[in-house]
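Below: the structure, in C-alpha cells.
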Amino acid sequence: MFKTFINAIKIKEVRKKLLFTLAILVVIRIGSQLPVPGVNPNYFAEWFQQQTGDAFSFFDAFTGGSFTSMSLFALNITPYITSSIIIQLLTIAIPKLEEMNKEEEGRKKMASVTRYVTVALALIESAALAIGFGSKGLLNVANPSVINYVAIIAAMTAGSTLLMWLGERITENGVGNGISIVLVINIVSRMPADIGTLVTTFVTSASNTGKAILAAVIILAVIIATVVLVVYLNAGVRKVPVQYAKKVQGSRMVGANNSHIPMRVNTAGVMPIIFASSLMQFPVVVCSLFGVNTTGKIGEIMKGLQSNYWFSAEQPVYTVGFLVYIVLVVFFAYFYTSITINPMLIADNMKKSGGFIPGIRPGRPTTEYLTNVLNYIIFMGAIGLIIVAAIPIFFSGVFGARVSFGGTSLIIIVSVILETLSQIETMMLERNYKGFLNS
C-alpha cells in the first residue's frame, strides 16, 4: 500500500489528484467544526450524553462528530446515501427507469434526480431537527421566531448539499469515489478519541500494571483481527469457469478461450449491516425524538434493540436482539443481492456470446446453477459480515467500552481504501501504457 502511494506521488497527474482530494478533505473537516448560526451546541452535546443507548452513535460516526456538535455539516452525506438507495430501488422496480439507467444520458438524468431528492431529504431532516429540539433549548434565543428556524434549516440543508457537491468533485477531479471517501474521513476522525476511550476503560478497570498491559494487547489484537477478517471478506471471490466455443468470423476461426465469472463472497457489501442497524435503531430514535417515556417494559424492549446491551452479562435476555439482528442481516443480504445481480441475465448474455459453464447446459440449467452458487456465497458473505460486526459489539458489551466505530465502520474503511488503491494503480498503469505507445 505504501509503495503504491509513494510511486503515485512521483507522477505529476496522480499527485495533482491526490493533493486536490486532500484539499477537499481539509475543507470538509473545517466545515465540520463550524457551528450552525443561532444554535446552542452545548445543549445537543449534553442531550446526546444523556442517552443510555447507542441510537445516535451510528449517525454520529457517519458524520464525524458533526451531528452531536450541530455544525454546518450536521446532516453530512446521510441524505445523499438515503437518496441513492431510494433511486436505486426505484430503478430496479420501475422498468422505464431501468432502461434509462442503461444509457449515458439516462444515467445523467438519474444522477440529477438523486441530487434533487438529496436536497428534499436534507430539508425535511433539518426541519425535523430544528422543530423537534427547538422548543427544548436547542436555540440560543429564549423565544425563537420563524426566522430563527428558517436560518437553521437553510444552514443545515446548504451544508449537506455542499458536502454532496464536494464529494462529486472528488470523484471527477480527485482519486476514488468522493462520497465514500467523505464517509471514511468522517469515521476515521472519530477513531482516535474512541480508541483512547477504550484504552482508558480497560486500564481503569485493571487493578495492576500487568492487567493494563494485557488489556492493551487485547484491544490491539481485536482491532487487527477485525481488519484482517474484513480484508479477506472483501477479497473473497468465487470464480465460475466459462468456456467460449469456436466460431467463424470472416475467414478466421476465433473463440475457444476460457474465462470466468467473478462472484464476490461479500456481494452486497456493507449494505445489509447498514439496513439492519438502521431498522433496529429506528424505534429507539423515534422514541428519543418524540420524548416517549422509555421506562418499564418499553425501556426493556428499547434496550433489547441496541447493540451495547446484546452481550451484557447482567441481562442475558438482551441477546435475543442479536438473534434478530442476525436474521435481518441475512435477509437484507439476499434482498440487496437479488436486486443488483440477475442470474438469468448473466446466463442469457453467456448464451448470446457462445459461452457456457463446463458440465452445465446453456439456458435454464445455467440460470439455476448460477442461482445456487449465488445463494451459497451470499449466505457465507452474510455470516462473515455478522462475525466482523459482532467482534467489537461483543467486547463492548462484555467490558462496557462504548465507541462510535465498530465492524460496520471497519468494513467501510477497508473497502474504500482497497478500492481507492486499485484506482490509483489503474491510473499509473494507464500512464505507463500510454508512455510505452508514445515511445
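Numbering (this note's numbering), first residue to last: 36 to 474. For each residue, glycine too, the CB sits at the ideal point set by N, CA and C. Quick caveat, the model's predicted, so the values are computed rather than measured.
Next item on the list: With distances taken Cα to Cα, identify the nearest neighbour of ILE446 among SER457, ILE422, LYS47.
Entry: The residue labelled residue 446 in the question sits at position 411 within the sequence shown. Among SER457, ILE422, LYS47, the Cα nearest to that of ILE446 is on ILE422.
Margin query: By the three-class DSSP mapping on this structure, what secondary structure does SER294 have?
Written below: Against the sequence shown, residue 294 aligns to sequence position 259. Residue state for SER294 is assigned as strand, using DSSP reduced to three classes.
Check: Looking at the structure shown, is VAL62 part of a helix, part of a strand, or coil, going by DSSP?
Finding: By one-based count along the sequence shown, residue 62 stands at place 27. When secondary structure is reduced to three states using DSSP, VAL62 falls in the helix class.
Next item on the list: Select from MET415, TYR279, VAL275, LYS131 the residue whose C-alpha is nearest the C-alpha of VAL300.
Entry: Your numbering for residue 300 matches position 265 in the sequence shown. Nearest option by C-alpha distance: MET415.
Notebook entry, point to check: Can you give the Cα-Cα distance for GLN278 and GLY398, rounded to whole angstroms?
Noted result: As a working note, residue 278 is residue 243 in the sequence shown. As a working note, residue 398 is residue 363 in the sequence shown. A direct Cα-to-Cα measurement between GLN278 and GLY398 gives close to 15 angstroms.
Margin query: DSSP has PRO70 in a bridge; who is on the other side?
Written below: In the sequence shown, counting from the first residue as 1, residue 70 sits at position 35. PRO70 is bridged to SER106.
Checklist line | Terminal residues of the alpha helix (DSSP H) in which LYS387 lies | finding: As a first step, residue 387 must be located in the sequence shown, where it is residue number 352. It spans 378-387 - the alpha helix (DSSP H) in which LYS387 sits, taken as one unbroken run.
Margin query: Using a 10 Å radius around the Cβ and a threshold of 16 neighbouring Cβ atoms, would you call THR375 buried or exposed?
Written below: For the purposes of this step, residue 375 is taken as the residue at position 340 of the sequence shown. With fewer than 16 other Cβ atoms within 10 Å, it is exposed.
Next item on the list: Kindly indicate the opening and closing residues of the alpha helix (DSSP H) around LYS144.
Entry: The residue you call residue 144 lines up with position 109 of the sequence shown. Here the alpha helix (DSSP H) through LYS144 covers 139-168.
Next item on the list: Check VAL277 in the structure and name its three-state DSSP category.
Entry: On the sequence shown, residue 277 is found 242 positions in, with the first residue counted as 1. Strand, per DSSP.
Next item on the list: For my contact list, VAL223 and ILE448 are in at a C-beta cut-off of 8 angstroms; report their separation, rounded to the angstrom.
Entry: Along the sequence shown, one-based indexing puts residue 223 at 188. Along the sequence shown, one-based indexing puts residue 448 at 413. About 7 angstroms; that satisfies the 8 angstroms criterion.
Next item on the list: Take THR56 and list the residues in its own chain whose beta-carbon comes closer than 6 angstroms to its own, dropping the five residues that flank it on each side.
Entry: Looking up residue 56 in the sequence shown gives position 21. Excluding five sequence positions before and after THR56, the CB atoms of its chain that fall closer than 6 angstroms to its own CB belong to ILE205, GLY209, VAL210, given in chain order.
Margin query: Rounding to the nearest angstrom, what Cα-Cα distance links LEU54 and LYS47 in this structure?
Written below: Here residue 54 refers to the residue found at position 19 of the sequence shown. Here residue 47 refers to the residue found at position 12 of the sequence shown. Looking at the two C-alpha atoms, the distance is approximately 10 angstroms.
Next item on the list: Could you tell me the distance, in whole angstroms, from the CA atom of THR149 to the CA atom of PHE310?
Entry: As a working note, residue 149 is residue 114 in the sequence shown. As a working note, residue 310 is residue 275 in the sequence shown. Their Cα atoms are separated by approximately 19 angstroms.
Next item on the list: Quick one: using the 10 Å Cβ neighbour count with 16 as the cut-off for buried, is SER255 buried or exposed?
Entry: The sequence position of residue 255 within the sequence shown is 220, counting from 1. The question names Ser, yet the displayed sequence has Leu at residue 255. Label assigned to LEU255: exposed.
Note to self: With three or more C-beta pairs closer than 8 angstroms as the rule, is the segment 65-72 touching the segment 98-109?
What the structure shows: Here the segment 98-109 lies against the segment 65-72, with 3 or more beta-carbon pairs under 8 angstroms apart.
Margin query: Nearest by alpha-carbon distance to PHE357: which of ILE428, SER294, PRO227, LEU158 is it?
Written below: Position 322 of the sequence shown, counted from the first residue, corresponds to residue 357. Of the candidates ILE428, SER294, PRO227, LEU158, the one whose C-alpha sits nearest the C-alpha of PHE357 is ILE428.
Next item on the list: Spatial neighbours of THR87 within its chain, please: CB distance less than 7 angstroms, with the 5 preceding and 5 following residues excluded, ordered by chain position.
Entry: For the purposes of this step, residue 87 is identified with residue 52 of the sequence shown, where counting begins at 1. Because THR87 sits at a pLDDT of 48, beneath the cut-off of 50, its placement in the model cannot be relied upon, and the following sentence gives the value as read from the coordinates. Closer than 7 angstroms at Cβ, skipping near neighbours: no residue.
Check: How long is the line joining the alpha carbons of VAL49 and GLU207, rounded to whole angstroms?
Finding: For the purposes of this step, residue 49 is identified with residue 14 of the sequence shown, where counting begins at 1. For the purposes of this step, residue 207 is identified with residue 172 of the sequence shown, where counting begins at 1. Cα-Cα distance, rounded: 13 angstroms.
Next item on the list: Between the Cα of GLY100 and those of ALA424, SER294, LEU314, LEU218, spot the shortest distance and give me the residue it belongs to.
Entry: Position 65 of the sequence shown, counting from 1, holds the residue named residue 100. The closest CA to that of GLY100, considering only ALA424, SER294, LEU314, LEU218, is found on LEU218.
Checklist line | For VAL300, three-class secondary structure by DSSP | finding: Here the question's residue 300 lines up with position 265 in the sequence shown. Of the three classes helix, strand and coil, the one that applies to VAL300 here is coil, per DSSP.
Check: Taking the C-alpha atoms as reference points, what is the distance between ALA542 and VAL362?
Finding: With the chain represented from 36 up to 474, any question about residue 542 goes unanswered, as that position is not in the structure.
Note to self: In whole angstroms, give me the CA-to-CA distance for GLY202 and ILE395.
What the structure shows: Position 167 of the sequence shown, counting from 1, holds the residue named residue 202. Position 360 of the sequence shown, counting from 1, holds the residue named residue 395. So the alpha carbons of these two residues sit roughly 45 angstroms apart.
Next item on the list: Express the C-alpha separation of GLU403 and LEU409 in angstroms, rounding to a whole number.
Entry: Stepping through the sequence shown from its first residue, residue 409 is reached at position 374. Stepping through the sequence shown from its first residue, residue 403 is reached at position 368. Spanning the two alpha carbons is a distance of roughly 10 angstroms.
Notebook entry, point to check: Between which two residues does the alpha helix (DSSP H) carrying ARG204 extend?
Noted result: Stepping through the sequence shown from its first residue, residue 204 is reached at position 169. Segment 181-208, the alpha helix (DSSP H) holding ARG204.
Margin query: Checking the sheet assignment: what are the DSSP bridge partners for VAL272?
Written below: Residue numbering aside, residue 272 sits at position 237 when the sequence shown is read from its first letter. Answer is ARG299.
Note to self: For a quick check, are the C-beta atoms of ILE452 and MET306 less than 9 angstroms apart?
What the structure shows: Counted from its first residue, the sequence shown places residue 452 at position 417. Counted from its first residue, the sequence shown places residue 306 at position 271. At a Cβ-Cβ threshold of 9 angstroms, ILE452 and MET306 do not count as neighbours.
Item checked: Rounded C-alpha distance that separates GLN458 from ILE426 -> As a position in the sequence shown, residue 458 is number 423, starting the count at 1. As a position in the sequence shown, residue 426 is number 391, starting the count at 1. Straight-line Cα distance between these residues: approximately 30 angstroms.
Next item on the list: For my contact list, ILE188 and VAL74 are in at a C-beta cut-off of 8 angstroms; report their separation, rounded to the angstrom.
Entry: Numbered from its first residue, the sequence shown carries residue 188 at position 153. Numbered from its first residue, the sequence shown carries residue 74 at position 39. The Cβ separation is near 11 angstroms, so there is no contact.
Note to self: For a quick check, are the C-beta atoms of THR113 and THR103 less than 9 angstroms apart?
What the structure shows: Residue mapping note: residue 113 aligns to position 78 of the sequence shown, counting from 1. Residue mapping note: residue 103 aligns to position 68 of the sequence shown, counting from 1. With a cutoff of 9 angstroms on beta-carbon distance, THR113 and THR103 are scored as not near each other.
Note to self: If you reduce the DSSP assignment to three classes, tell me which class GLY356 lands in.
What the structure shows: Counting from one through the sequence shown, the residue named residue 356 turns up at place 321. GLY356: helix per DSSP, three-state reduction.
Check: What does a CB cutoff of less than 6 angstroms around LEU60 pick up in its chain, not counting 5 residues either side in sequence?
Finding: The sequence position of residue 60 within the sequence shown is 25, counting from 1. So the qualifying residues of the chain are ILE220.
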